[in-house]
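A.B. asks: For the sequence shown, the UniProt record's numbering begins at 1 and goes up steadily by one.
Built from N, CA and C at the ideal position, the CB exists for glycine as well.
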Amino acid sequence: MERHLAAVLIADVVGYSRLSEIDEESTRARFQTDFQQIFEPKIAEHHGRLVKTMGDGILAEFLSVVDALRCAVDIQQDKAKRNATALPGEHLFFRIGINLGDIIVEGDDIHGEGVNIADRMQSLAAPGGIALSGTTYDHVKSKIASLGYAFLGEQKVKGIAEPVRVYRAVLDPKAKGATARTRRYQSRWSLTAMTAVLLVVLGGAGAGWLTNRLLHEPTNSQNVSSDTRPSLVVLPFDNLGNVAEQGYLADGLTEDLTTELARLPGLFVISRNAAFTYKDKSMQPVQIAAELKVRYLLEGSIRRIGDEMRINAQLIDATTNGHIWAERFDGAWNEVFALQDKMVSEIATALKLRLVSGQQSAKIAGGTSNTAAYEAYLRGRELVLRESPRIGWRP
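1) For Met283, is the classification buried or exposed, using 16 other Cβ atoms within 10 angstroms of its Cβ as the cut-off for buried?
2) Do Leu147 and Leu171 have their beta-carbon atoms positioned less than 8 Å apart in this structure?
3) Please check the pair Lys342 and Ser20, which I expect to be a contact at CB under 8 Å, by giving their CB distance rounded to whole angstroms.
4) Would DSSP call Leu298 helix, strand or coil?
5) Any idea what DSSP makes of Gln287, helix, strand or coil?
6) Kindly indicate the opening and closing residues of the alpha helix (DSSP H) around Asp138.
7) Please state whether DSSP places Glu335 in a helix, a strand or coil.
8) Under 8 Å: do the region 103 to 122 and the region 78 to 89 share three or more Cβ pairs, one atom per stretch?
9) Are the Cβ atoms of Ile75 and Ile96 separated by less than 8 Å?
10) Around the Cβ of Gly159, are there at least 16 other Cβ atoms within 10 angstroms (buried) or fewer (exposed)?
11) If we call anything under 8 Å between Cβ atoms a contact, is Ala275 one with Val233?
12) Between Ile144 and Val66, how many whole angstroms is the CB-CB distance? I'm expecting something under 8 Å.
13) For Thr135, count neighbouring Cβ atoms within 10 angstroms of its own Cβ and tell me buried if that reaches 16, exposed if not.
14) Can you give me the Cβ contacts of Ala125 inside the same chain, cut-off strictly under 8 Å, excluding the 5 residues immediately before and after it?
15) Kindly provide the ranges of any beta strand (DSSP E) runs that are 3 or more residues long and lie completely inside the UniProt domain "Guanylate cyclase" (7 to 122), ordered along the chain.
16) Residues in its own chain within less than 6 Å of Gly266 by CB, not counting five upstream and five downstream?
17) How many whole angstroms separate the CB atoms of Arg304 and Leu249, which I take to be in contact at a CB cut-off of 8 Å?
Here is the structure:
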């Protein structure tokens, strides 16, 4: 069995399953065109070896991690130009992940932890973006002058024992040469570090602290009727778990998605207080949309059994009462933040909102691997809301 150090590049189509359900033949033909006209020549140009395709995924190996990153940048820039001139509904977006690590070679194929980490990086990239492992960043940070980087913190990823440092390449020329730490990573880490002790002191000062935090959480109070942006409400997600008391997970997911979607430029999002007035109410989406004066509704459910969870989500256009996006996300509980980021990215793509590669993704990505502290916060938050009617779900 041969082993060696290599730079591994993995690319994957965003929302391929959804696109295939709409038109399988057209989606496959567009993938093959991109593969033959972009990926194959770019990989060869940058001295890489195309290992194989994997459904809607592409695996390549490079001797130089700098070559791998330059290849990824060229691919995404070329693809962005093609998407800009493509007809509506014919866009394909790729996520690309790169890792420098030890791989196992068997014939023409490669596998092992080095490949697995590259795949996890791909899942953390924004549509049209590139995510790098810490080992990759350490070798390229000063090698490509036109790039900047956004640090997403240490992420606990599936199948890897130790947390992995994650960065996103920022293709915006204004960010070249800089490495930014994402705001979300900083704020969520700070939040979860403090809330780890919340349940201990909740009966006294802790309840007051959380009450104060909830009262001052940002909400969107702008009049939707005067806003020209697409409008959306995130309806309270359903808890489908075996334990009814896990409703705080569904509420926390709803609130996080509301906050992150509100950060996307070009989208107006109804405040969580207004959205939670519809919690446990049986109403048609068209009726809710009419009352809130919004066009789009995001609804869904979460089921958690042990450390595994499944999230189902659907985006509805109230003008047609039809689904314009629907997806299922399976993963471990310690991947909840990465799954939230993936949902936001796919929703942005479905709404044809422009994500500024790297720069915008830094605002909607990141999170701490300390999910135990995050869960403690959600539990405490639910208790405070239950005990304090003045800050309940109604605005």
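C.D. replies: A quick look at the data gives this:
1) To locate residue 283, count along the sequence shown from 1; it is residue 283. Label assigned to Met283: exposed.
2) As a first step, residue 171 is located in the sequence shown; it is residue number 171 there, counting from the start. As a first step, residue 147 is located in the sequence shown; it is residue number 147 there, counting from the start. Leu147 is positioned such that its CB atom lies closer than 8 Å to that of Leu171.
3) In the sequence shown, the residue the question calls residue 342 occupies position 342. In the sequence shown, the residue the question calls residue 20 occupies position 20. That belief does not hold up - the Cβ atoms of Lys342 and Ser20 are roughly 18 Å apart, past 8 Å.
4) Stepping through the sequence shown from its first residue, residue 298 is reached at position 298. Strand, per DSSP.
5) Indexing the sequence shown from 1 puts residue 287 at position 287. If DSSP states are grouped into helix, strand and coil, Gln287 belongs with the helices.
6) Position 138 of the sequence shown, counted from the first residue, corresponds to residue 138. Judged by DSSP secondary structure, Asp138 falls within the alpha helix (DSSP H) whose first and last residues are 134 to 140.
7) As a first step, residue 335 must be located in the sequence shown, where it is residue number 335. Here Glu335 carries a helix assignment [DSSP, helix/strand/coil].
8) Taking a cut-off of 8 Å on C-beta distances, the region 103 to 122 does not touch the region 78 to 89, as fewer than three cross pairs fall below it.
9) The residue you call residue 75 lines up with position 75 of the sequence shown. The residue you call residue 96 lines up with position 96 of the sequence shown. Cβ distance < 8 Å, so Ile75 and Ile96 count as in contact.
10) Walking along the sequence shown from the start, residue 159 turns up at place 159. Residue burial annotation: Gly159 is exposed, with fewer than 16 other C-beta atoms found within 10 angstroms of its C-beta.
11) By 1-based counting over the sequence shown, the position of residue 275 is 275. By 1-based counting over the sequence shown, the position of residue 233 is 233. Yes, the Cβ-Cβ distance between Ala275 and Val233 is below 8 Å.
12) Here the question's residue 144 lines up with position 144 in the sequence shown. Here the question's residue 66 lines up with position 66 in the sequence shown. With 8 Å as the limit, Ile144 and Val66 qualify as a contact, their Cβ atoms being about 7 Å apart.
13) For the purposes of this step, residue 135 is taken as the residue at position 135 of the sequence shown. The residue in question, Thr135, is buried, as its Cβ has 16 or more Cβ neighbours within 10 Å.
14) Your numbering for residue 125 matches position 125 in the sequence shown. Cβ neighbours of Ala125 beyond the five flanking positions: Arg95, Ile96, Gly97, Ala131, Arg168, Ser361.
15) Within the UniProt domain "Guanylate cyclase" (7 to 122), the beta strand (DSSP E) runs of at least 3 residues that lie entirely inside it are, in chain order, 48 to 54, 57 to 62, 94 to 106, 109 to 111.
16) Walking along the sequence shown from the start, residue 266 turns up at place 266. Short of 6 Å from the beta carbon of Gly266, and not among the five residues preceding or following it, lie these beta carbons of its own chain, in chain order: Arg229, Leu353.
17) On the sequence shown, position 304 is the one that residue 304 refers to. On the sequence shown, position 249 is the one that residue 249 refers to. With a Cβ gap of about 6 Å, Arg304 and Leu249 count as contacting.
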